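To start, the structure under review is shown below, and the notes come after it.
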Amino acid sequence: NACKSSAAAVRAALQASCHGEGDVLRHLGHVGYKLYHEQAPIREYDMTCTNLAVDLRDGVRLCRLVEVLSDRCGEKSVLRQVRFPATSRAARLHNVAA
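Counted the way the numbering used here counts, the sequence shown spans residues 8 to 105.
Next comes the structure, spelled out in C-alpha coordinates:
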(Lines of atoms letter the chains of each structure in order from A and count residues from 1; the text may use other names and numbers.)
(Lines give C-alpha, C1' and ligand atoms only; values in the text may rest on other atoms or scores of the structure.)
Protein backbone atom coordinates (compact mmCIF):
# COMPACT_ATOMS: atom_id res chain seq x y z
CA ASN A 1 0.00 0.00 0.00
CA ALA A 2 1.38 3.41 -0.97
CA CYS A 3 -0.36 5.33 1.84
CA LYS A 4 2.07 5.33 4.75
CA SER A 5 0.76 8.50 6.42
CA SER A 6 -2.50 10.30 7.02
CA ALA A 7 -1.36 13.05 4.65
CA ALA A 8 -0.79 10.54 1.84
CA ALA A 9 -4.22 9.02 2.45
CA VAL A 10 -5.92 12.43 2.24
CA ARG A 11 -3.99 13.31 -0.91
CA ALA A 12 -4.98 10.02 -2.54
CA ALA A 13 -8.64 10.39 -1.56
CA LEU A 14 -8.99 14.00 -2.68
CA GLN A 15 -6.70 13.94 -5.71
CA ALA A 16 -9.44 13.44 -8.30
CA SER A 17 -12.12 15.62 -6.72
CA CYS A 18 -9.86 18.59 -5.94
CA HIS A 19 -7.96 18.75 -9.22
CA GLY A 20 -6.36 22.18 -9.69
CA GLU A 21 -6.73 23.24 -6.04
CA GLY A 22 -3.03 23.08 -5.26
CA ASP A 23 -1.80 21.61 -1.99
CA VAL A 24 -4.88 20.19 -0.26
CA LEU A 25 -2.98 19.78 3.02
CA ARG A 26 -2.14 23.47 3.09
CA HIS A 27 -5.83 24.30 2.65
CA LEU A 28 -6.72 21.92 5.48
CA GLY A 29 -4.07 23.56 7.66
CA HIS A 30 -5.71 26.96 7.14
CA VAL A 31 -8.95 25.65 8.64
CA GLY A 32 -7.20 23.97 11.57
CA TYR A 33 -6.69 20.38 10.44
CA LYS A 34 -3.23 18.98 11.09
CA LEU A 35 -2.32 15.50 9.88
CA TYR A 36 0.42 13.91 11.97
CA HIS A 37 0.19 10.13 11.70
CA GLU A 38 2.93 8.34 9.81
CA GLN A 39 3.47 4.59 9.77
CA ALA A 40 6.86 3.48 11.04
CA PRO A 41 8.82 1.20 8.66
CA ILE A 42 9.23 -1.37 11.44
CA ARG A 43 5.46 -2.01 11.35
CA GLU A 44 5.80 -3.35 7.80
CA TYR A 45 8.53 -5.78 8.80
CA ASP A 46 7.54 -9.43 8.37
CA MET A 47 7.84 -10.86 11.89
CA THR A 48 7.08 -14.47 10.96
CA CYS A 49 9.79 -16.94 11.78
CA THR A 50 10.43 -20.01 9.64
CA ASN A 51 14.12 -20.70 10.36
CA LEU A 52 15.46 -19.58 13.77
CA ALA A 53 19.10 -19.52 12.65
CA VAL A 54 18.36 -17.14 9.79
CA ASP A 55 15.36 -15.17 11.04
CA LEU A 56 16.75 -14.09 14.42
CA ARG A 57 20.12 -13.06 12.96
CA ASP A 58 19.38 -9.34 12.51
CA GLY A 59 17.90 -8.97 16.01
CA VAL A 60 14.64 -7.32 14.91
CA ARG A 61 12.51 -10.44 15.38
CA LEU A 62 14.41 -11.24 18.57
CA CYS A 63 13.54 -7.82 20.00
CA ARG A 64 9.89 -8.33 18.99
CA LEU A 65 9.92 -11.72 20.77
CA VAL A 66 11.31 -10.11 23.93
CA GLU A 67 8.67 -7.39 23.67
CA VAL A 68 5.83 -9.90 23.42
CA LEU A 69 7.13 -12.15 26.19
CA SER A 70 7.82 -9.31 28.62
CA ASP A 71 4.64 -7.36 27.77
CA ARG A 72 6.67 -4.21 27.13
CA CYS A 73 4.95 -1.82 24.76
CA GLY A 74 4.53 1.89 24.17
CA GLU A 75 7.33 4.04 25.59
CA LYS A 76 9.11 1.00 27.09
CA SER A 77 9.09 -0.90 23.80
CA VAL A 78 12.28 -2.69 22.84
CA LEU A 79 11.52 -2.01 19.17
CA ARG A 80 12.10 1.72 19.78
CA GLN A 81 15.81 0.97 20.22
CA VAL A 82 16.16 -1.26 17.15
CA ARG A 83 18.23 -0.09 14.21
CA PHE A 84 16.17 -0.84 11.16
CA PRO A 85 17.01 -2.00 8.55
CA ALA A 86 19.89 -3.91 10.06
CA THR A 87 22.18 -4.04 7.04
CA SER A 88 25.54 -3.76 8.78
CA ARG A 89 27.12 -6.05 11.34
CA ALA A 90 27.24 -3.20 13.86
CA ALA A 91 23.49 -2.61 13.53
CA ARG A 92 22.77 -6.32 14.01
CA LEU A 93 24.98 -6.44 17.11
CA HIS A 94 23.22 -3.36 18.49
CA ASN A 95 19.82 -5.02 17.98
CA VAL A 96 20.86 -8.24 19.68
CA ALA A 97 22.33 -6.31 22.63
CA ALA A 98 19.16 -4.19 23.02
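Beta carbons are placed, not taken as given, at the ideal position from N, Cα and C, and that holds for glycine.
The structure presented is a predicted model; accordingly, all values stated were derived computationally and were not measured.
The DSSP-derived three-state label of S12 is strand. For S77, the enclosing alpha helix (DSSP H) covers residues V67 to S77.
Cα atoms of C70 and L42: separation of roughly 30 Å, rounded to the nearest angstrom. A distance below 8 Å separates the beta carbons of R68 and M54.
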